[in-house]
Structures are given as structure tokens and as C-alpha cells.
Amino acid sequence: MEKKVKHKEEAFLQHPVLFIAVLVLGFVLMDPFEIGPVGGIEFRPVKHDIAPYKEVMGGWPRDNESQLGNGKLEFVDEVFGPESLEFDSFGRGPYTGLADGRVVRWMGEGIGWETFAIVTSNWSEKVCARGVDSTTSKQWKHEKWCGRPLGLRFNKDSGDLYIADAYYGLLVVGPRGGLATPLATHVDGKPILFANDLDIHKNGSIFFTDTSRKYNRVRLLSRYHFYILLEGETTGRILRYDPPTKTTHAIPSHSFCPSKSIFDTSVRFGLMKYWLEGPRAGTKELVAHLPGFPDNVRMNENGQFWVAIDCCRTQAQEILVHNPWMRSLYFRLPIKMKILARIMGMKMFTMISLFDENGRIVKVLEDRKGVVMKLVSEVREVEGKLWIGTVAHNHIATLSYP
Ligand SMILES: *[C@@H]1O[C@H](CO)[C@@H](O)[C@H](O)[C@H]1NC(C)=O
Ligand SMILES: *[C@@H]1O[C@H](CO)[C@@H](O)[C@H](O)[C@H]1NC(C)=O
Ligand SMILES: *[C@@H]1O[C@H](CO)[C@@H](O)[C@H](O)[C@H]1NC(C)=O
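In terms of the UniProt record's numbering, the sequence shown opens at residue 1 and continues consecutively.
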């Protein structure tokens, strides 16, 4: 009798523990309140082989003086998430695309910033102009409507400004500005989800990147472009728009994720070069391993190119990159991304790097404490000065160089 009771008790005790354990695990994996970074999305991490952390970081020159920390923050709370910076052939600028959907230009102290172009007739001050809040989640649900201009390039001959907009694809606007004209919104009948950066070929064709065929930049209350990095998905591609025929083509290539220009890829922490012409046309080449996530690539007058890098890789992160199943579990934990990143030892700071055309490092500048510059998106070198854009903050950073 006594024995029987004890059995019952044990079963009773074991059962709830198991039950709770299963519940907790289920809760963690399902993340019903979508607290974790990938809550509520179909998350399919992809395995990648990346160069070993030690190899890359060991051989990477460091800027021990943290020289970027001497940079100056300009136009604080006057520009909101200035992603790409461009100057026209008269030397006016910078021109930059903002989180509120506008392309603005700096007209000097007297006039200040003026609206130069918008990418959609949907744009209105009432819905879109959220000022400093444009770079916060308050803008997310309006981005699709208002537009989010990213990469900018002038055709120096015609004076036309080409715009890669995250929602409205590739557009062009004349030298006087105004409402931009869409050039490419679809490829093979399917919408371009995430135009990101562009470059103009000397024959007039426009090469631009589409970061993902799966995600666009933002969904309500969350940020899709984050998942592209977490998943390591590689549906991104390079597209080419040919003005004479007004047609857009995908550049044939094996799977890789061009986050920005023809020169780079975020997912594998590498800088890629894609050969368009010559004997190696149609092939791509990894020219450098990078210590973190690269963004736009911009050439200076000497044919060298600056890469903005959000730093840095960590050993924990490397394990996750190699093991998609771990990423699946880890990023489903009902914990905010900020904290997950901290556990992985990631501490956001900025490194910008100048490469020669063969991918050899010429210069590395860092802001190790991330005081002055964080989440940089582009570095433009113009007449002894670096202009540094950011997608997430309300300023432009500058630094004398060399
Ligand atoms: C920076 O510091 C590290 C370690 O303290 C050292 O190995 C390296 O040579 C230094 N780099 C430069 C450019 O001085
Ligand atoms: C206005 O925004 C909606 C939602 O993003 C979009 O579907 C529509 O095409 C836009 N209209 C124009 C004229 O750009
Ligand atoms: C420009 O050059 C690229 C690369 O060789 C080529 O693919 C494209 O068709 C050319 N465009 C025109 C308009 O000739």
C-alpha cells in the first residue's frame, strides 16, 4: 500500500517537471510573443564556410590610436540616417538619402539642407517627415510608403542622379531634382524587394544590387534586413539596367549575397570582386576577408576603395555561422537581439578600411570605443576629407584624410 502511494507520488512529481520542461522548451522554440529576433518568421539559416576568426583577425592591422575617434560629427539632428553620400559635378553636396524617404542636399551655411528629390508621389510631409524619429521604429511602418533611398550615384556627364531605393527599386532624377522616375521595379515579372546600391558603367548601363529575393528591409515592428544576416541567406544578386532598351537583367552568378556594390558581400565577411568584362568576365573572386560586416564600397581618385565595416566578428559568432542548427535555436530564444549579440561578445564599433585594386589593405581606421562612429554605411573621400554616412544615426561624420 505504502509502496503504491510512493509510486504515484513519484509519477506525479516527475510528470509536472517533465511537463514544465517541455513547455519551456516549446515556448523557447516557438517564441509566441515574438520577443526573440526571429520570432514570427520562417527562419532558415544557411551554412557558410568563412575564413577562421583567428586567421582573419590575426593578420588584420589594427589602428591602436583609434584615429576615427577624432572624427567630427556634423549636421547633428539635421540629417536622419544618411546612408550614401554623393557630390555633383559642380562639387555641390553632399547629397544623401534619408530615412524619411527624401534625398536632400547641402547648399552651404546660407541655405542649409534642402529637399532635392523624392522617390514616390506617395510622399507627404504629414505621413513621412518624422525628423529625428525617422531612424527609430516609428518610421518602420511608413518606410514602404515613403521610400528609403540608399545608394546614390551621379552620372557626371548628364548630371542625372541615380537612386537605389529599398522599396521603389532603381530610379533616376534630373539635375534639378523633383519626383524621381522609376527605371526598374521588377525583374522577370517579379518585384525587386531590396535595391541597395548601384554603380554606373561607362557605357551607361546601371549595375545595382538587390540584397534579397526573400526579405525586404522592414516589416511591421521588425527589421527584415537583420534576418538576411542571421540566416546567411544568399538570394541576393546583381542586376543590370540598360537605358537603350529600358530593360533589367539579373547578372548570372552562383548564389552569393551582394549587400551593396559590385564589390562586396556581407554574409561571408568577404569582399568580392565581380568581373564584368575581359577574359574573366562572369566570374567572381574573393579579394579580401573582412573582420566584420561590410556595407557600401566607394572608390577614391587613386582607384583605391574604402569599405565601411561594422565590427567585428567574434569566435562565438563563427561557431554559429558554421552551424545553422545552432543559429536556429539561439536566435529563437525569447531574448532581445541586443542581449544575444552581447552574449556572443559582439560590441558594435566601426572600422573603415582602404584597399587597393588587388584587395591589399592600404589603411585601417577604427573608433574602438564606438564613441563617434557606429553603424557606418559608406565612406567617401573627397579632397582631403572623409565623409562617413550611417543608416541608423542622425549625423554625418567627417575626418581629414590623409
Ligand atoms: C597595435 O597593438 C598590437 C598589440 O598591442 C600590436 O601587436 C600591433 O603591432 C600594434 N599595431 C600598430 C600599427 O602599432
Ligand atoms: C504607394 O505606396 C504603396 C505601398 O507601399 C505602393 O504599393 C504604391 O505603389 C505606391 N504608389 C506610388 C505611386 O508609388
Ligand atoms: C555595358 O557593358 C556591360 C558589361 O560589359 C554589358 O553587359 C552591357 O550590355 C553594356 N551596356 C550597353 C548599353 O551596351
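Each residue gets a CB set at the ideal place from its N, CA and C atoms; glycine is no exception.
Beta carbon of K144: closer than 8 Å to some heavy atom of ligand 2?
yes
Tell me E366's beta-bridge partners as DSSP assigns them.
According to DSSP, residue pairing for E366 in a beta bridge involves M351.
Would you kindly work out how many angstroms separate the C-alpha atoms of W123 and P52, rounded to a whole number?
46 Å
Near ligand 5: D242 beta-carbon under 8 Å from a heavy atom:
This structure simply doesn't include ligand 5; it includes ligand 1, ligand 2 and ligand 3 instead.
How is G58 classed by DSSP in three states: helix, strand or coil?
helix
Within the same chain, show all residues whose beta-carbon is closer than 6 Å to that of E2, passing over the 5 residues directly before and after it, in chain order.
Because E2 carries a pLDDT of 44, less than 50, the predicted location of this residue cannot be relied on, and the following value inherits that uncertainty. Nothing meets the Cβ criterion.
When D88, P94, W60 and M57 are compared against F75, the one with the closest alpha-carbon
Closest option to F75, Cα to Cα, is P94.
Got a sec? Which residues, its chain only, sit under 8 Å from S66 by beta carbon, not counting five neighbours each side?
E366, D367, R368 and K369
Going by C-alpha to C-alpha distance, which of G69, T314 and F293 sits closest to L340?
T314
Is it buried or exposed, R105, if we count other Cβ atoms within 10 angstroms and call 16 or more buried?
It is buried - the Cβ of R105 has at least 16 other Cβ atoms within 10 Å.
Three CB pairs or more closer than 8 Å across the segment 158-166 and the segment 127-138:
Between the segment 158-166 and the segment 127-138, the count of C-beta pairs closer than 8 Å stays below three; the two stretches do not touch.
H322, DSSP secondary structure in three states
Helix, per DSSP.
Is A184 close to ligand 3? I mean its beta-carbon at under 8 Å from any heavy atom of the ligand.
no
Here's the rule: buried if 16 or more other CB atoms are within 10 angstroms of the residue's CB, otherwise exposed. What is F208?
With 16 or more other Cβ atoms inside 10 Å of its own Cβ, F208 counts as buried.
Decide if H186 is buried, meaning its Cβ has at least 16 other Cβ atoms within 10 Å, or exposed.
Label assigned to H186: exposed.
Hey, would you say N196 sits closer than 9 Å to T211, going by beta carbons?
Contact check for N196 against T211 passes: the beta carbons are separated by less than 9 Å.
Suppose the cutoff is 7 Å on Cβ atoms and the five residues either side in sequence are ignored; what does the same chain contact list for A392 look like?
G81, T135 and L375
Give the secondary structure of A392 by DSSP, where H, G and I count as helix, E and B as strand, and everything else as coil.
coil
Taking 9 Å as the cut-off, decide whether the C-beta atoms of N323 and G389 are in contact.
No.
As a quick exercise: from P402, S400, W387 and L198, pick the residue whose alpha carbon is nearest that of L85.
W387
How far does the beta strand (DSSP E) with E378 in it extend, from its first residue to its last?
V376 to V382
Decide if T248 is buried, meaning its Cβ has at least 16 other Cβ atoms within 10 Å, or exposed.
buried
Excluding five sequence neighbours on each side, which residues of the same chain lie with their C-beta closer than 6 Å to the C-beta of V364?
Hits under 6 Å: P61, D63 and S353.
Secondary structure at Y274, three-state DSSP: helix, strand or coil?
Y274 falls in the strand class under three-state DSSP.
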